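Residue numbers (this note's numbering), protein chains in the order written: chain A, 221 to 408; chain B, 43 to 120. Ideal Cβ placement from N, Cα and C applies to all residues, glycine included. Keep in mind it's a predicted model, so treat the numbers as computed, not measured.
What follows is the structure in structure tokens.
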């Protein structure tokens with residue numbers, strides 16, 4: 221690094237730009253992978269999941285999102301209101317409205333006032349909605365893997381879910397993905 | 043200089059992270075290798091983001107400028 225020390229700020233900047241333009245010396249991106257365990261069904265958690273996975277796929281990473289527990293319900297079709305077979309499963313969906321367009325916030329939800337304000341601000345500042353981001357993810361090839369156990373527990377059937385989801389998956393499969401080389405794993 | 047050779051433009055003005063990158067990546071998929079893509083963005087974070095994105099994908103930023111609040115990148119598809 222000392223040999224490269226620049227004398228002027230301009231030269232320093234040029235050197236920095238040149239360094240930034242160099243391709244990463246690491247491995248080909250085809251081998252890089254992002255795995256996210258999406259465990260929450262709340263707006264402020266699902267958003268980073270969608271943002272990070274869409275960018276990963278856009279950057280040539282293999283991106284997989286495991287949908288488990290509360291994190292599965294946003295991936296139910298927007299037009300499903302009450303899902304499940306028995307009263308407890310129905311009650312669960314009554315308490316957490318399924319669908320990517322119906323996310324609540326983990327804090328400051330205030331009976332919908334919080335999400336309403338965030339929605340307004342997002343429009344004003346041109347931030348993509350969760351639905352738009354999900355579409356971008358699917359277009360870029362992010363693989364969404366529903367948790368089989370959660371589907372059973374919620375009484376969800378394949379036809380309740382959005383199109384394009386990957387196969388129902390178990391923990392061992394996800395663990396295998398997470399421990400592959402050049403893999404970043406997040407639990408959100 | 044590269045202006046005549048620009049294959050197409052991605053207008054990401056006004057869009058916030060991550061859409062400039064996502065839109066560009068989607069577009070790049072549709073163009074032939076070696077094509078020059080012009081990207082216009084107003085998100086200040088896009089300067090670092092496009093540098094990182096090109097490092098990850100192997101595409102190259104061949105020209106970069108700023109006019110007012112608009113950042114312009116010319117990207118060559120790998």
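Per DSSP, the bridge partner or partners of residue i
i	result
residue 258/A	287/A
residue 394/A	Answer is none; residue 394/A lacks a bridge partner.
residue 59/B	Paired residue(s): none; residue 59/B is not in a bridge.
residue 357/A	Per DSSP, none; premise fails for residue 357/A.
residue 54/B	83/B
residue 282/A	253/A
residue 403/A	253/A
residue 112/B	109/B
residue 389/A	367/A
residue 64/B	None; residue 64/B has no bridge partner.
Helix, strand or coil at residue i [DSSP, three-state]
i	result
residue 97/B	helix
residue 344/A	helix
residue 316/A	coil
residue 368/A	helix
residue 326/A	coil
residue 78/B	strand
residue 69/B	helix
residue 352/A	helix
Inter-residue Cα distance where the pair is residue i and residue j
i	j	result
residue 325/A	residue 271/A	17 Å
residue 292/A	residue 257/A	10 Å
residue 335/A	residue 307/A	28 Å
residue 394/A	residue 47/B	45 Å
Integer-rounded CB distance, given that residue j should sit under 8 Å from residue i
i	j	result
residue 328/A	residue 68/B	Incorrect: roughly 34 Å between the Cβ atoms, too far for contact.
residue 55/B	residue 112/B	6 Å
Neighbour-count burial assignment, residue i, 16 or more Cβ in a 10 Å radius
i	result
residue 85/B	buried
residue 51/B	exposed
residue 263/A	buried
residue 387/A	exposed
Residues of the segment 60-93 of chain B with Cβ closer than 7 Å to any Cβ of chain D, in chain order: Absent here is chain D; the protein component of the structure consists of chains A and B.
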